[in-house]
Every structure is written in C-alpha cells, then in structure tokens.
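Numbering-wise (this note's numbering), the sequence shown opens with residue 7 and increments by one. Glycine included, C-beta positions come from ideal geometry on N, C-alpha and C. Because the structure is a prediction, the values reported are computed rather than measured.
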Amino acid sequence: MGHSFDTGDSEIAMNNPLVTEEQITAIKNAGFKCIRIPITWEGHFDAYHKSYKINKAFLKRLDDVISMCLKQDLYVCINMQNDSWRWFCRMKKKNDTYYKMFTKLWTQIAKHYKGYSNHLVFEAIDKPYFEKLGTKAQQQLLNEVNKAFVKIVRKSGGKNKNRLLGVATLNSSVTKTGCKAISSNIKAMKDKRVFATVHYYGPWKFSVNAAGATTFTATVEKQVKNTVDMVYSNFYKEKIPVVCTEYGLLGYDSSYNGLIHGEVLKYIDYLTYYARKKKLPMIVWDNGNIFNRKELKFNDVELGALIINNGKVRSASADANAIYLRKKENCNDYSFSLKLNGNQLQMIADETKTLIENKDYECKGNQVILKSSYLKKMNRKKCAKVNTIVLSFDQGQALQIPIYVTEQPVLASSKGTEENGITIPMTCSTEKLIKMSAVYEKKKTVIKKVKKKKVKTQVTRYAGPLTYTPYQEYGYSFYQNKDKIVLTSDFLTSLKDEKIHLVFYFESGNVATYDIIKEKEKVQEVNYVEPVVTKKPQPSSKAKSSEAMSKEVRKNKSEIKHNMILSKGELVVILSIGFLLLMGVLYYLYHEKNQTKE
C-alpha cells in the first residue's frame, strides 16, 4: 500500500484517498492475502528529544488501518520505509545518534503492538544502507542493527515473543554477497521466526524503458531466472524463510505509457510463475497505479488477473502486442506467433463476433494468420482504435490484442527552453511512442592503431543523460502525452550547445526524425520559423455587415486623420518657403526705393 503512510506527510499527499474498511474489503475480495503498509516515521516523532516519542494521533490512525486488515483475516506487514534514506543511512556505528533513534523507535512500536494478532508482521527497515561506509563495513553494521531489532521486539513480550520478523539484504538488493551475508546473520540469531526480505523490479533498462530495452527478451527472462535462483539457493535451500516484499517495474511508478503493455504482462507472468516454482512469496508494490483505491478495482484487468494468479497457471502470449493497419491502404494477411506456455488455443473473437477458422483466420502451428478479407472490414478512414481480438485458451488468461488504424506521424516545428522543455505536436494520436535515440550531428575523431598504423575514425557522440547509449530513458528524458511528444528539462539541460539528431520509434514500426539545435538555454527545431500573424481577409463589399461597415468607416476616418497630419507637415514647409520669398521681395522693393531717392 505505497504512498499512503510512507510520505512522511499526509495520508493523501500522493493523491491516494484515506484508507477505509470498504477499500480493505475490496482488496481482500480481489484476491490478496497480505497487505504491506510501508511507513515513514520521520515527521511523526519528536526528533529533537532523545526519547524520540512517536505522535499518538499517528499511531492511532495506524491502529485503525491495521485493525481493518486484521478484521479481514489478512496478514499485515509494517516497517520503516523512507526513513532509510532520510536519516537511517547517516548511521556510522553502533550506539551513535541514528542507531539510538532506530532502537528507540522500534522499542515504542514493539511495545505498542505487542498485544496484536500474529498476523501482524514487523520488517526492520526498507532498503538499508549507510552512505559513509564501504560495502563490508555496511554489512557488518547492518548485522548489528538486525540483531538489535530482533532483541528489542522479543524482549517486549506479549505476542512479540513469536511474531514474524523480517530483515532486509543491503539495499534490499539481490546480490550473491548480500544474500549470503543476511543468510548467515539470520542463522546466527537462532530464531526460526525471523525471515529475510528482498525486492525485485527486473533488469533496470527493461524496468524503466532505457537504452532501447522495450521487450521481454530471452536475455531479460534469463536475468529474472538468475535472480530468483540466487534467492532460492541462499535462503530457501539453506532453510531460511524469505519473502520478496516489493516487486514490479520501476516504470509503473511514473506512468503506464512508458512500458509496452504486452511486454509487461509477459514479465509478470514469468516472474510470478518462476518465483512460485522456487518457493518465493511475492508482494506487489503499488502506489495506486495498479489497484485503484478510489474506484476499488484494478486499473488494468489483465495485469490484475496475472498478479492474483501469482504464477499458479501460465498464460499464453504473442509477439504482436497490437495490430496496426495503414489508413486507407490495402490490407494484406496479418500473421503473428504465439508462445503457448503449455496451453491450447480454443477460440478467437472480436468485439462483435466469434471469428471463423479458415475464413477469418487460420492457424499454422503456433502461428495465427488474420485474413485480409477480415481486416478489410475495419473502418480505416481515420486514425483510431477500431477493434480488439481476444484469444481464449484451455487455461490461463485470455489474450487481448487491440487493432488500430494508423499513418506516418508528422511532427510539427517547435521550440522551448532548458527550464520548460519542448512540446512537439504530432499527427495521428493512435501511435504509441516506445523509444527515442539522440546523437550529436558532429562526430568525434578518434585515433586507433590498425596494424601498427594510426587511423582516424569518426565516432558517433550520444546526446542526453545516458551517455553509453543513444536510447534515452522514457519519462526522464522524453514521453508522449496523447498527440504530443515532450522533451523534458532534464534531457535538454544535459545537452551541449550543438545540433542534435533525434529519432522517435513507435510501436507500429513507424519512425520519425527530428533535428533540434541548442544555444545557451534556448532549444528549437532546426527549421523553426516564428509564426507570422496575418490579417483576416476583408469580407466582400456585397456582403458587408453593419459591423464590418462600421469598422471600415472607423478605419477610413483614421486614414483621413493620418493624411491630414501629413498635409499639415507639408503646409509648414510651404509656408516657410513662402515666407522666405516674401522677405526676398520686400528686401528687393526696399533696396529699389532707396536707389530712386539717391
């Protein structure tokens, strides 16, 4: 239950509603057996007094929520969550200020809940680490912290004598050294009610959509398998209980759009299946993106079903996550391959009917071919989602594949700044952006030795925060917002003052290029031209309205006034010349008169 009690602030600070009995009932009815409540205690205790007394009102609210869960016969796991990086990480040694803070807080928590059912579980600290220490020293201090935690809880008496207690690996990571160290730490305690905890969010590149890792490949599957195997060999095989107290994908914390939906389903299906096979219980991390705590249902029904199934039965998948038809173009047969995972295809239907085999589609082994005669019936006049086919199997989850009409997206010229980013308008909103590459136009000259001779070669320079790959991270560097592509402030700030070549890749297979140039804090599309504001054409004289005629009269008066101002200017010049001529004439007459007298 992420982002309710782990913010250190209000329960609704991260846009989740207050926890209610109705909400807990809905979670139980959805199929969950355990609710982990991450708690950040900072902000809810007196940090300026050595007693570190916890706020009574905060404890009372936790009591209410924990009781709601226990009433539903759910297991409840509480911990210290973001305290790990807010203050716990500053700990340097046993008995320093932060060590005492940790032990005194757990002394209060243990005492307060010692009478609660053993369905309430304690987890010492989330993602523990110590920022000033090396890896070996960190592990040694973590061992001391874990021993102190277990000792405090057991000593508090009541039902805490037999309560399940969890201790995490360093950073809650799955590494050979970290797993082995915590396994030894738990063995030394000689307490059969202490278990290890780890987290798993998949390989980082795939988890966040970075470096072009958008699909659940054989390589990603192998990485998942190796991680679960490492947990199994270091804990379960050593008779140490272990729970994965957080799993998911990091990209889901920010947005659904950054990950390809079908690839996410493949990952969850395999991870939960293999974890179950290796006796690893899993708790899914959710900040409200997976189970909607306002509407009390899964935001994504397919994903929710896989999470609840928890690897009991594997589901089939396809190499096509969506089907894209070209707008107004002729349709050909469309084929895709199935990975059955031991299942058998029974039926294919769309939103209106059951498809007829050998007429609407045919099967050749694991390949499904949708006939052009069937696809031609789709409305392809405009870009839109036009249908969804549903493949049903003898077991596992049905497979849904949406059908879209698309065309080559056209990107409009745009400009922006480092601070505000750039928003690029795009035609055809059915296109799903999946990755972006960025390289500088100017290449780098590198001298290499080839057969003892120095040879100059031109090397492409990658642009963006990720310098080892041209493919940048979705969400951090770029993202799609309906019919717009946004280049973020983080991405633009990382760029040098040069011309950058961008390539946008879409799920349909379409590709769009876009060149930008950065000069100081300003960034714009290379061919950007400031829009010209043109005057609206005047209506025909035959169809002039009274309002239009009134505007024309005002305009004519203005022009007459302007012309009058010019005439006055001319008059001044004329009068000046006339005055000079008059003076000349008077002087001449005066001079002639004097000559006559003489």
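{"Asked": "Extent of the continuous beta strand (DSSP E) to which F342 belongs", "Found": "340-345"}
{"Asked": "Cβ-Cβ distance between A444 and M432 below 9 angstroms", "Found": "no"}
{"Asked": "Identified DSSP bridge partners for W171", "Found": "In the sequence on display, residue 171 carries Leu and not Trp. Its beta-bridge partners are F128, V200."}
{"Asked": "The ligand ZN heavy atom lying under 8 angstroms from the CB of T494", "Found": "By its list of ligands, the structure shown contains no ligand whatsoever, and the ligand ZN lies outside what it can speak to."}
{"Asked": "Classification of S10 by the beta-carbon crowding that lies within 10 angstroms, buried from 16 upward", "Found": "buried"}
{"Asked": "Beta strand (DSSP E) segments (min. 3 residues) lying fully within the stretch 400-427", "Found": "405-412, 421-423"}
{"Asked": "N562 versus N21 - alpha carbon distance", "Found": "Low per-residue confidence applies at N562: pLDDT is 46, beneath 50, and the placement is therefore not dependable enough to give any value."}
{"Asked": "Start and end residues, beta strand (DSSP E) containing I354", "Found": "351-355"}
{"Asked": "Backbone secondary structure at I18 - three-state DSSP", "Found": "coil"}
{"Asked": "Bridge partner(s) assigned by DSSP for N85", "Found": "E129"}
{"Asked": "CA nearest to the CA of E4, picked from F484, A518, E513, Y446", "Found": "This structure gives no information on residue 4, because the portion of the chain shown stretches from 7 to 604."}
{"Asked": "Sheet register partners of Y238 (DSSP bridge)", "Found": "According to DSSP, which records beta bridges pairwise, Y238 is partnered with nothing at all."}
{"Asked": "Beta carbon of A53 nearer than 9 angstroms to that of Y480", "Found": "no"}
{"Asked": "Own chain partners of Q406 with C-beta closer than 6 angstroms, once the 5 adjacent residues on each side are dropped", "Found": "T394, V396"}
{"Asked": "Alpha carbon of S547 to alpha carbon of P537, nearest angstrom", "Found": "With a pLDDT of 41 at S547, under the threshold of 50, the predicted position of this residue should be treated as unreliable, though the coordinate-derived value follows. Each residue's alpha carbon lies about 30 angstroms from the other."}
{"Asked": "From N372, Y380, V461, G294, residue whose alpha carbon lies closest to that of N336", "Found": "Y380"}
{"Asked": "Exposure label - S16; buried when at least 16 CB within 10 Å", "Found": "exposed"}
{"Asked": "T475 and G427 closer than 9 angstroms at C-beta", "Found": "no"}
{"Asked": "Paired residues, beta bridge with Y324 - DSSP", "Found": "The question names Tyr, yet the displayed sequence has Ala at residue 324. L344, per the DSSP bridge assignment."}
{"Asked": "As assigned by DSSP and simplified to three states, the class of T394", "Found": "strand"}
{"Asked": "Rounded separation between T141 and E527 - CA only", "Found": "40 angstroms"}
{"Asked": "Through-space distance from A322 to G402, alpha-carbon basis", "Found": "7 angstroms"}
{"Asked": "Run of the beta strand (DSSP E) containing H55, from where it starts to where it stops", "Found": "Where H55 is concerned, there is no enclosing beta strand (DSSP E), given that its DSSP letter is neither H nor E."}
{"Asked": "Straight-line Cα distance separating G422 from K359", "Found": "48 angstroms"}
{"Asked": "Pair within 9 angstroms by beta-carbon distance, V156 and T203", "Found": "no"}
{"Asked": "Strand pairing of P431, partner residues [DSSP]", "Found": "K490"}
{"Asked": "Within 9 angstroms, strictly: CB atoms of I430 and K490", "Found": "yes"}
{"Asked": "CA-to-CA distance, K382 to G8, given in whole angstroms", "Found": "46 angstroms"}
{"Asked": "A518 - containing beta strand (DSSP E), residue span", "Found": "517-525"}
{"Asked": "8 angstroms Cβ shell around I506 - same chain, five flanking residues per side excluded", "Found": "A444, V445, Y446, E447, A469, D521, I522, I523, K524"}
{"Asked": "Alpha carbon of I266 to alpha carbon of Q114, nearest angstrom", "Found": "45 angstroms"}
{"Asked": "Buried/exposed call for V307, threshold 16 Cβ in 10 Å", "Found": "exposed"}
{"Asked": "For S420 and V535, the rounded distance between their alpha carbons", "Found": "9 angstroms"}
{"Asked": "Span separating the alpha-carbon of L472 from that of L312", "Found": "33 angstroms"}
{"Asked": "Nearest-angstrom Cβ-Cβ length linking P134 and F201, presumed shorter than 8 angstroms", "Found": "Their Cβ separation, rounded to whole angstroms, is 15 angstroms, which puts P134 and F201 out of contact at 8 angstroms."}
{"Asked": "N372 vs K345 beta-carbon contact at 9 angstroms", "Found": "yes"}
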